[in-house]
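Number of protein chains: 4
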Amino acid sequence: MKTEMIILNEERKVTLTAYTQSVGGKFTNITKRPAILILPGGGYQYCSDREADPVAFSFLQAGYQAFILRYSVGKDSVWPNPLEDVEQAMEMIRSRDDWNIYTDKVAVAGFSAGGHLAAAAATMSKNRPNAAILGYAVTGNDVKACNVTAPDTSLFVDKNTCPCFVFATRTDDLVPIKNSIEFIHALEKADISFESHIYAYGPHGFSVGNSGVMTPGKPICNRAYRWVEDSIEWLKDMFGDFGEGEMTEPRCKGHFSGDSDAYLSLDCTIGHLMKIPAAVDAMGPIAEGMNNEEMLKAVSSMQLKGALRFTKVPQHIVDEIENKLKKIPNEI
Amino acid sequence: MKTEMIILNEERKVTLTAYTQSVGGKFTNITKRPAILILPGGGYQYCSDREADPVAFSFLQAGYQAFILRYSVGKDSVWPNPLEDVEQAMEMIRSRDDWNIYTDKVAVAGFSAGGHLAAAAATMSKNRPNAAILGYAVTGNDVKACNVTAPDTSLFVDKNTCPCFVFATRTDDLVPIKNSIEFIHALEKADISFESHIYAYGPHGFSVGNSGVMTPGKPICNRAYRWVEDSIEWLKDMFGDFGEGEMTEPRCKGHFSGDSDAYLSLDCTIGHLMKIPAAVDAMGPIAEGMNNEEMLKAVSSMQLKGALRFTKVPQHIVDEIENKLKKIPNEI
Amino acid sequence: MKTEMIILNEERKVTLTAYTQSVGGKFTNITKRPAILILPGGGYQYCSDREADPVAFSFLQAGYQAFILRYSVGKDSVWPNPLEDVEQAMEMIRSRDDWNIYTDKVAVAGFSAGGHLAAAAATMSKNRPNAAILGYAVTGNDVKACNVTAPDTSLFVDKNTCPCFVFATRTDDLVPIKNSIEFIHALEKADISFESHIYAYGPHGFSVGNSGVMTPGKPICNRAYRWVEDSIEWLKDMFGDFGEGEMTEPRCKGHFSGDSDAYLSLDCTIGHLMKIPAAVDAMGPIAEGMNNEEMLKAVSSMQLKGALRFTKVPQHIVDEIENKLKKIPNEI
Amino acid sequence: MKTEMIILNEERKVTLTAYTQSVGGKFTNITKRPAILILPGGGYQYCSDREADPVAFSFLQAGYQAFILRYSVGKDSVWPNPLEDVEQAMEMIRSRDDWNIYTDKVAVAGFSAGGHLAAAAATMSKNRPNAAILGYAVTGNDVKACNVTAPDTSLFVDKNTCPCFVFATRTDDLVPIKNSIEFIHALEKADISFESHIYAYGPHGFSVGNSGVMTPGKPICNRAYRWVEDSIEWLKDMFGDFGEGEMTEPRCKGHFSGDSDAYLSLDCTIGHLMKIPAAVDAMGPIAEGMNNEEMLKAVSSMQLKGALRFTKVPQHIVDEIENKLKKIPNEI
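Protein chains in written order, with my numbering: chain A, 2 to 333; chain B, 2 to 333; chain C, 2 to 333; chain D, 2 to 333.
Structural data, given as structure tokens:
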């Protein structure tokens, strides 16, 4: 493994630490690697070492190139300085050929205030990551408590937001859990893929949760340390896994429904389809059954395929509807 | 283990299957056992065997007495019939001495429509459970799609709702994930303890997720089957674990903050404290710092103890505030 | 689930408890089930409840039909009474059509003295199980300490012994760990498949290891409770898993090498091949390189395929040798 | 983290790569760290990168200082060159103050031929490690196949051998599993603590077993990758865990019995006690019961405490025997 420390902004003391592994040789099936950019927490006052190397080690072990960004803090944390630091880091990560990185498989992982910054990267940046891991992140308006110039990222979630892995503890006494809840709610509304784990109890800032980062004896539930391994598995679902010379196909798409695809399909939500006259035609009597306000409200976010299965519509009718929908361009 | 099948309502074909284990003897340290009441899914049209015994076995192995309620379905599912069935079952579970049950450690676990019923038990019933496990549950208004008479349970979450363990997959095409999100949001607002896992992808109705209940080959992420073991650990956190003759102390409280305790404390949220003049007095200059609208909005759901630690208020001042708050009765 | 209690031998108080699950219906892909016969421990003086139901629940959850045999103990434990009880149980399990069992997928699981009995079933019985799980089992001569008439099972391991999963703790102060070591050594010599876990520390008789069976506070390492889940996964490797209507192919064979197959192959051990002149011919110059005593001693239990790969023999020569070996009948 | 590459022997191309983490600062409770010295495999012909960094990352994440030794290979591998390399590395690791290492908590981890070298370090070196992890190691006479000058380490296991964690797959076609079995048998005879996992199937050389080191699609059982996490937990049992400023007490001793302690105790094995006349006296009638050849053979490796519990000797007699034994010096 090679270690580099790159100064991104001397004045604001912004540095990028790069831990990069070799490809080929004894790693016969690996020609490039996915990457992760780690954004430690620290209330925009500092960047905590407890959320830097210990996180990097886990992803290095999983085969990633790992980067730690020590972004603008203190008086330099005035917005959009920190986000500009991330843009700069992302650009470098995606352009350095000698780092052997899949440019479309670059994740970001942020914690607490760093989680705010990761969420901003996922929702507001030009050079967006391909996946984001948000740990006990200040994704909502509460960020004002530590950085009055920083935006409420949950308001910026859009169709181009990358898939997110969101975790926190219910009993976080510093960053209220509603931050995470409102953020996943925003992801759901924007049709974005996500995974989320809210553990029953544990302190703010538990990092990877093992004895190397936690002062012993702090009460924390035994599920909380699982996010490391779970997020690695989740990234395999979103990015694919190391295969024979290239990565395998992802097992999970970036959007839940087909509502933003080019053509309609059974994956579209009923609410979406019912707004498009050609789709209503294609659905025929099934659409009629849903055409009262109460029922429509109940089923609008259900995918059509689920509803058809649930109501036991015969397969040949399902196929017929599918064939018709596939020809209808999606007027978004 | 003893097996009994009790007819609760002959006309509506409501039955309670009881799997009960012995206490004492070779189980030297066990004098009573916690219990779980399982409510299978089936869209209020039937009760699925896939969410009955396979769930019971896991909790039996963990030392629980396990019960399966086959509640009113089909034309009998008109509200409040199913909830009445649950009330009847809960009453019997808590009153049968020969079942050796801790009457304050009775959990309910429901799936899909059964998850709706479990949520109703947790929020609306007289004979409330002490904890609820809600699997891909129709907790919201979507329930109308399968039972038009059934209520939106998320509207009934209150301060007396039991702690909940909520899990589902993001890609559930039958019960939209917003059901789970809105339910945990309601729990958060009502200050209730919970744990929640939303797995990236997997079908509706995966039950315990192993090969004994899942048609092989269905795409499901490898975290999804963890809810069984995780919910068992969570119940230990909420109920305590088998100790020497009696259960150990729970590691997690039923409410997040001190906002509903008899006296104020550092565990109260800032939003709550700022509404009580005596508390504002006790906080002194700290309260002043929070007394502008923007800041108050940012910190209102934070516990005071977290805010004091974050702003590095000296310990002797923290102690002073704590002593004052402890004497102030909570005017809820 | 159905519960039956069958009296196998009234005089000796031998009973078989049967926990059997349904097939078909909501378990659409399940037409039959594998089975497990559980033999509790108790030093041939009694059958411990702690190693009965708690074990059964785990395998029931995995989709097995589970049976508990309370075999001859006390003065009735004189050999071969207990083994006869097992024979009788195995015969019934394999012949009762209404239990829907794959007759070639019947495992036995035994603990302590019950582990001795399970090992006897695996090595000495007429009606042998298809796999055996041996927990802190008295497989060696130490059995005399609790049953002077019982045989040292490690001496009976033969080519027809079923695959075994052997676990124990290094610090067992009742059944010395050399029992397990000598038993797996015997399995290795007889070319039998096995998996084995010797955990660093923990008491004798920890059963499934969770709080439902262990008096709290006993020192036991956190790996020890894994045998349950690991043995279930191991059985999938040996038996196959639930597939579409029938079980999938096993992923692991019952013998390590090809030394007992009908024809020779690259899977045979070098020691075996070097004893067969036609094989020595087929191997040509490679055999010559191994034909000195020191080297032969070093490589005799290595499979030929491994040795060829290690010494980087070109693929076309490997193929040539393979083709020749395949035509040579195995003179065992 | 700091990276250093130290040349230990220029001529033989021996290097020590040091990955060292900081102490103090945000790692408030950490003043020093345990260490691990990694010895990659490669048949004494090379040092495989697949068993270098990927292993280091896991132990770094657990809080260890990690070192990779690229020892003498090829023509330089003539014994004792490689062992001298290890001695040199161990000495440096234990003497460099700036690496902040607990000098009595230095483990070694070796794989395949590197596992042979690790076993040699554990049994034959002057500067012995405090624990050894041996992965699919050539611990027996089979080592001659790749290094004819190297010793059979299983013959050197003695009372001063450190605790060992031994893992391999049953189907290893390169290093026969009897290597691991005979090594743990030797550990058992020498009364040394160990943990051992032999997984049902998987190829030789699977390293940490994840997709970053394994060519995809190779058959390997899903337990095999667990050794990483399990060996980390095992090291906590042997070394203690990070506590408040210093490591906590180990949960497991380095020897199984009390047979090599200064004074006798109930932890001694019966075989040991029966050889010491004063102990036989102390045991009184209990010793008499064991004084026939057959019985003695059956119970000799059992600890006295287990035998007394098993035969239900009353507590006051147990206490009496214990008091007497404690005063008898151990004549080893």
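The beta carbon of each residue, even a glycine, is placed where N, CA and C say it ideally should be.
Quiz item: Are the beta-carbon atoms belonging to D282(A) and N331(A) less than 8 Å from one another?
Solution: no
Quiz prompt | Under 8 Å between C-beta atoms of A146(A) and V300(B) | solution = yes
Quiz item: Where does Y200(B) fall in DSSP's three states?
Solution: strand
Exercise. Please compile the residues from chain C whose C-beta is within a distance smaller than 7 Å of the C-beta of N223(D).
Key: E234
Quiz item: For N10(C), does the three-state DSSP call read helix, strand or coil?
Solution: strand
Quiz item: Per DSSP, K327(B) is paired with what?
Solution: Looking at the DSSP assignment, K327(B) forms no beta bridge with any residue, so it has no partner.
Quiz item: V281(A) lies in the alpha helix (DSSP H); which residues open and close that run?
Solution: 278-284
Quiz item: By how many angstroms is the C-alpha of A67(D) removed from the C-alpha of V107(A)?
Solution: 27 Å
Quiz item: What does I178(C) touch in chain D if you count any residue whose Cβ is under 7 Å from its own?
Solution: E189
Quiz item: Which residues, in order along the stretch 52-66 of chain B, keep a beta-carbon less than 7 Å from a beta-carbon of chain C?
Solution: D54, P55, F58, S59, L61, Q62, A63, G64
Quiz prompt | Integer Cβ distance of L61(A) from F58(D), believed to fall under 8 Å | solution = 5 Å
Quiz item: Name the DSSP bridge partner or partners of A110(C)?
Solution: I39(C), I134(C)
Exercise. Give the range of the alpha helix (DSSP H) segment to which C68(A) is assigned.
Key: The sequence as given places Phe at residue 68(A); Cys does not occur at that position. F68(A) -> not in any alpha helix (DSSP H); beta strand (DSSP E) instead, spanning 66-71.
Quiz item: Counting pairs of beta carbons, one from the stretch 316-330 of chain C and one from the stretch 43-56 of chain D, are three or more of them closer than 8 Å?
Solution: no
Quiz item: Within the chosen definition, does the stretch 137-152 of chain C reach the stretch 174-187 of chain C through at least 3 CB pairs nearer than 8 Å?
Solution: yes
Quiz item: So, helix, strand or coil for V95(A), using DSSP?
Solution: Residue identity check: residue 95(A) is Arg in the sequence provided, not Val. R95(A) falls in the helix class under three-state DSSP.
Quiz prompt | Distance, F195(C) Cα to F166(C) Cα | solution = 6 Å
Quiz item: Would you call the CB atoms of P81(A) and Y72(A) closer than 8 Å?
Solution: no
Quiz prompt | Rounded separation between N293(A) and A121(B) - CA only | solution = 26 Å
Quiz item: So which residues of chain C does V300(D) contact, with C-beta pairs closer than 9 Å?
Solution: D143, K145, A146, P177
Quiz item: Within 8 Å (strictly less), CB to CB, does Y202(D) reach chain C?
Solution: yes
Quiz prompt | Cutoff 8 Å: I253(A) Cβ touching any chain B Cβ | solution = A small correction: the amino acid at residue 253(A) is Cys; Ile does not occupy that position in the sequence shown. With 8 Å as the cut-off, C253(A) counts as an interface residue toward chain B.
Quiz item: Is it true that the CB of R224(D) sits closer than 8 Å to the CB of E189(C)?
Solution: no
Quiz item: Can you find a CB in chain C that lies within less than 8 Å of the CB of Q46(B)?
Solution: no
Self-check item: Under 8 Å between C-beta atoms of L38(D) and A90(D)
Solution: yes
Quiz item: Any residues in the stretch 282-312 of chain D with a beta carbon nearer than 8 Å to a beta carbon of chain C? Which ones, in chain order?
Solution: E295, M296, K298, A299, V300, S302, M303, Q304, K306, G307, A308, R310, F311
Quiz item: Under a CB-based cut-off of 8 Å, is F243(D) close to chain A?
Solution: yes
Quiz prompt | Rounded Cβ spacing between Q304(B) and C269(B) (contact assumed at less than 8 Å) | solution = 7 Å
Quiz prompt | Against chain B: residues of the stretch 22-34 of chain C by CB proximity under 9 Å | solution = Q22, S23, G26, K27, F28, T29, N30, I31, R34
Quiz item: Which residues in the same chain as K325(D) place their Cβ atom closer than 6 Å to its Cβ, once the five residues preceding and following it in sequence are excluded?
Solution: A283
Quiz prompt | V319(C) to F207(A) span [Cα, whole Å] | solution = 54 Å
Quiz prompt | Beta-bridge pairing of H205(A) - partner residues as DSSP gives them | solution = Answer is none; H205(A) lacks a bridge partner.
Quiz item: For S302(C), which option in G111(C), H317(C), P204(C), F257(C) has the closest C-alpha, if you only look at C-alpha atoms?
Solution: F257(C)
Quiz item: Apart from the five residues on each side of it in sequence, which residues of its chain come closer than 6 Å, Cβ to Cβ, to R95(D)?
Solution: T104
Quiz prompt | chain A within 8 Å of D50(D), Cβ atoms only | solution = yes
Self-check item: Sheet register partners of K3(A) (DSSP bridge)
Solution: T21(A)
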